[in-house]
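Sequences listed follow chains A and B, in order.
Residues 389 to 759 in the numbering used here are what the first sequence lists, from first letter to last.
Residues 389 to 759 in the numbering used here are what the second sequence lists, from first letter to last.
Since the structure comes first, as structure tokens, the remarks are kept for the end.
2 protein chains.
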Amino acid sequence: MSHDAILLTPGPLTTTLRTKLAMLRDWGSWDVEFNQVTARVRRSLLQIIHGEDSHAVVPLQGSGTFSIEAAVTTLVPQNGHILVLDNGAYCKRAAKISTMMGRRCTLMPFADHEAVSPSALQQQLAADSSITHVVLIHCETGAGVLNPLQAVADVCAAFKKGLIVDAMSSFAAIEIDARKTHFDALIAASGKCLEGVAGMGFVFIRKAVLDGCAGQSQSLAMDLYDQHAYMEKTGQWRFTPPTHVVVALAEAIAQFEEAGGQPARLARYTSNCQTLIAGMKALGFKPFLEPSVQAPIIVTFLAPAHPNYEFRRFYDAAKARGFIMYPGKLTQVETFRVGCIGAIGPVEMAQAVHAVALALNDLGVASGEPG
Amino acid sequence: MSHDAILLTPGPLTTTLRTKLAMLRDWGSWDVEFNQVTARVRRSLLQIIHGEDSHAVVPLQGSGTFSIEAAVTTLVPQNGHILVLDNGAYCKRAAKISTMMGRRCTLMPFADHEAVSPSALQQQLAADSSITHVVLIHCETGAGVLNPLQAVADVCAAFKKGLIVDAMSSFAAIEIDARKTHFDALIAASGKCLEGVAGMGFVFIRKAVLDGCAGQSQSLAMDLYDQHAYMEKTGQWRFTPPTHVVVALAEAIAQFEEAGGQPARLARYTSNCQTLIAGMKALGFKPFLEPSVQAPIIVTFLAPAHPNYEFRRFYDAAKARGFIMYPGKLTQVETFRVGCIGAIGPVEMAQAVHAVALALNDLGVASGEPG
């Protein structure tokens, strides 16, 4: 195909041409013009969560996982105890990160098709006073579940525990209001719902806890306290920033704001998600999740029962028609995933469903119906 | 100015339009086409150092500093002892990285206008058998010194010590031949002499030591053993890659190869450096370094003695004429730096010298002569 395939993935995702065109310039990382871009991005990010009074935002080079690791090493003292509310693969990754860095970490298991339970968290915090921090994945893209951020934050606040939120794939699409929701850190990245390109993350840190984080990190590159202090002092990043990624994010944010910000983005993604699910159901497919816990970010479908179905061939056939899907990440049941995010709308989602129909036909699979 | 300023900085630097145009597409990070780009980049990188038989190369998200930290945490055991040959700011940063991660680290000081001494290293290794690893900055861009990689590597090999080389700003310009030069790890990044955009680093690791590195890292994101194992198994990056940065690097490498590889790049940068130094000397400026230790990467000049000179105004005046310089990084003496690298040639360097002449005139500084 001469036309680029549309990425139905949870990031990197399809970005606008305007966002990509911003990368056609070279910027000096020490220069005031680039510092102004960084400052503008930071201001806009804080506005999105209404966190200007309560939080600082610290950008960091690397993928979102680097920012999660940075949040843990910066905020959690060596003798801290982290409780991870676990309903999926990204929860387990957060626990692995914490354990490798020498932090005591407990996984609290939930089913991967359900949201985590604030009341179970309450019982756990009441039972184990050694826990210092709770980690929540806001949207667990392993299955696509939206977890109850507000209720979890309320429990953590009541017990005076630090809350670290991985909002990688929810930030800028799902409402997060720092004036109402109490958290110590919240992490997201450039190449997700803001529709920038991948290459940097950012961490919102509550100002009240930031000062206490000095000297806690065992990593220089990932020390968000140090990164923040240097940026406040000089306007610059401590180490070489991914300049083209930063200016692309600035351009993506400008479009986000022009289009109406988070409510408008949520409306578009919700429409994408509804178009997708309705179309796929008409082909016989069944979503893995109940509608009540389904985030409008990424949808997990059960694999068709038909013996001709094979994900690799299905993927290739859909790709040949211009749409790139995503493999499943569940261990107990065969699935595949389709993202609803990126610079696409219901028109592209309807075309995607049509591409899936043609792909099924290629494979000789009569219906998407699972076993 | 409507024309972009030329970056006379040690990276991010000026890239070709062809390199930037490669970023006008979106790539699925899971897709085979992107995996092929990653594989091609890795093959090319190994060829540049003739390391196909001896080394593996592991790309990593983030700036070059992230890759240095990753090399230390992956290669040096918790009870290791690192000796850093210190003749500048980047050496001190490597030591700080090592110390923060809990590795015992000793700084061996040298003057910042001289290369480090292989014979002094020999004495130190003979005197202290607890040292397990030596860290060398190949080109110390703090002042611009080229350090004697081959001689240092020979000493390390004789004492059977691991050598970790920060070749951030020398790789692809200065010859490095893994068949002749023995090292355990060598680190560089996308936005330096390969003339890609910033956003990823890569670490060459000797195959013979890689297997012994399993489980040594205390960071998940920076575990190069794990990154390598996953990439070998799946062709993919473990965590979201900066896809646009990777494809820009692939395009930059294609141009590097077409132009004649490392010898051609060295010839161009040498010509840039000679044009710069000759022109600046004619304006009265004096390079900080003797020619014998000056790498053709970045040149440190002593600040003019004239009382009207002020770096900030000098910088702005040169920038108004289209050239972005770089501040000095020495603590004892006032300097500024001018990079010789990036997609520029002697024509641009001569124009840069002319811009400096006009900038001096703006400031009412008669000559670049230092005190």
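Note that CB positions come from ideal geometry on N, CA and C, so glycine has one too.
Taking only beta-carbon atoms, is A:LYS595 less than 7 Å away from chain B?
Not closer than 7 Å to any Cβ of chain B, the Cβ of A:LYS595 fails to qualify, so no.
Chain B within 7 Å of A:SER455, Cβ atoms only
It does not; no Cβ of chain B falls within 7 Å.
Beta-carbon separation (whole angstroms), A:THR407 vs A:GLY579, contact threshold 8 Å:
No, A:THR407 and A:GLY579 are not in contact; Cβ-Cβ is about 10 Å, not under 8 Å.
Continuous alpha helix (DSSP H) stretch holding B:ASP614: start and end
Following the DSSP letters along the chain, one finds B:ASP614 inside the alpha helix (DSSP H) bounded by residues 612-622.
Please name the residue, chosen from B:VAL522, B:ASN535 and B:GLU528, that lies closest to B:ALA546 on a Cα-to-Cα basis.
For B:ALA546, the closest C-alpha among the options B:VAL522, B:ASN535 and B:GLU528 is that of B:VAL522.
Cβ-Cβ separation, B:MET713 to B:TYR703 (assumed contact under 8 Å), whole Å:
The pair is a contact, with the Cβ atoms about 6 Å apart (cut-off 8 Å).
Rounded to whole angstroms, what is the Cα-Cα separation between B:VAL687 and A:ALA602?
Cα to Cα, B:VAL687 sits roughly 35 Å from A:ALA602.
Using a C-beta cutoff of 7 Å, does B:VAL591 count as contacting chain A?
With its beta carbon at least 7 Å from every one in chain A, B:VAL591 lies outside the interface.
Assuming B:LEU582 and B:ALA560 are in contact, meaning their beta carbons sit under 8 Å apart, how far apart are those beta carbons, in whole angstroms?
With 8 Å as the limit, B:LEU582 and B:ALA560 qualify as a contact, their Cβ atoms being about 5 Å apart.
Output, in chain order, the set of chain A residues within a Cβ distance shorter than 9 Å of B:VAL765.
Lying before the first or after the last residue shown, residue 765 of chain B is absent from chain B, which here runs from 389 to 759.
With a cut-off of 7 Å, does the C-beta of B:SER558 fall near any C-beta of chain C?
Of the protein chains in this structure, namely A and B, none is chain C.
Output the distance between the C-alpha atoms of A:GLY672 and A:GLY730, rounded to the nearest integer angstrom.
Each residue's Cα considered, the two are about 25 Å apart.
Using a C-beta to C-beta distance shorter than 7 Å, which residues of chain A count as neighbours of B:LYS717?
Residues of chain A passing the Cβ test: none, with the nearest at roughly 11 Å.
Rounded to whole angstroms, what is the Cα-Cα separation between B:ALA691 and A:PRO715?
Each residue's alpha carbon lies about 58 Å from the other.
Give a yes or no on whether the minimum CB-CB distance between B:LEU574 and chain A is below 7 Å.
Not an interface residue.
If we count the other Cβ atoms within 10 Å of its Cβ and call it buried at 16 or more, is B:ARG626 buried or exposed?
Buried: at least 16 other Cβ atoms inside 10 Å.
Give me, in chain order, the residues of the same chain whose beta-carbon lies closer than 7 Å to that of B:THR529; leave out the 5 immediate sequence neighbours on both sides.
The beta carbon of B:THR529 lies closer than 7 Å to those of PRO398, TYR478, SER557, ILE685 and ILE686 in the same chain, with the five residues before and after it left out.
Excluding the 5 residues flanking A:ALA743 on each side, which residues of the same chain have their C-beta closer than 6 Å to its C-beta?
Within the same chain, A:ALA743 has close Cβ partners ALA706, ARG709 and PHE711.
Would you check if the distance between the CB atom of B:ALA586 and the CB atom of A:THR622 is smaller than 7 Å?
No, the Cβ-Cβ distance between B:ALA586 and A:THR622 is not below 7 Å.
Within 7 Å (strictly less), CB to CB, does B:PRO506 reach chain A?
By the rule that beta-carbons nearer than 7 Å mark a contact, B:PRO506 does not touch chain A.
Output yes if chain B places a C-beta closer than 7 Å to the C-beta of A:LEU637; else output no.
No, because no Cβ of chain B sits closer than 7 Å to the Cβ of A:LEU637.
B:MET556 lies in the beta strand (DSSP E); which residues open and close that run?
Looking at the DSSP string, B:MET556 is not in any beta strand (DSSP E), and its letter there is neither H nor E.
Quick one: Cα of B:ALA576 to Cα of A:GLY490, how far?
Between the alpha carbons of B:ALA576 and A:GLY490 lies a distance of about 29 Å.
Tell me whether A:GLY759 sits in a helix, a strand or coil according to DSSP, three-state version.
DSSP, read as helix, strand or coil, puts A:GLY759 in coil.
Look up A:THR688 in the DSSP assignment and give the residues it is bridged to.
In the DSSP secondary-structure assignment, A:THR688 is bridged to A:ARG725.
Against B:SER442, what residues of chain A qualify as contacts under a CB-to-CB distance less than 9 Å, listed in chain order?
Residues of chain A passing the Cβ test: none, with the nearest at roughly 27 Å.
Using the C-alpha atoms, what's the distance from B:SER605 back to A:THR494?
Whole-angstrom Cα-Cα distance: 21 Å.
In the structure shown, what three-state DSSP assignment does B:VAL633 receive?
Here B:VAL633 sits in helix by DSSP.
Per DSSP, what kind of secondary structure is B:GLY649 in: helix, strand or coil?
Residue state, collapsed to three classes: helix.
Are there 16 or more other CB atoms within 10 angstroms of the CB of B:SER507, so buried, or fewer, so exposed?
Exposed, by the Cβ-count rule.
In chain order, what residues of the segment 694-725 of chain A put their CB closer than 8 Å to some CB of chain B?
The segment 694-725 of chain A vs chain B, Cβ under 8 Å: LYS707, ILE712, TYR714 and PRO715.
Can you pull the chain A residues whose beta carbon is under 7 Å from the beta carbon of B:GLY579, in chain order?
THR628, listed in chain order.
For B:THR494, which of helix, strand or coil comes out of DSSP?
Here B:THR494 carries a strand assignment [DSSP, helix/strand/coil].
Could you check if B:LYS548 is buried or exposed, using at least 16 other CB atoms within 10 Å of its CB as the buried criterion?
The C-beta of B:LYS548 has fewer than 16 other C-beta atoms within 10 Å across all chains shown, which makes the residue exposed.
Using a cut-off of 8 Å between C-beta atoms, extract the partners of B:ARG413 located in chain A.
Under the 8 Å cutoff, chain A gives ASP392 and LYS408.
Sequence-distant residues of its chain with Cβ nearer than 6 Å to B:THR487 (five each side left out):
Answer for B:THR487: CYS493, listed in chain order.
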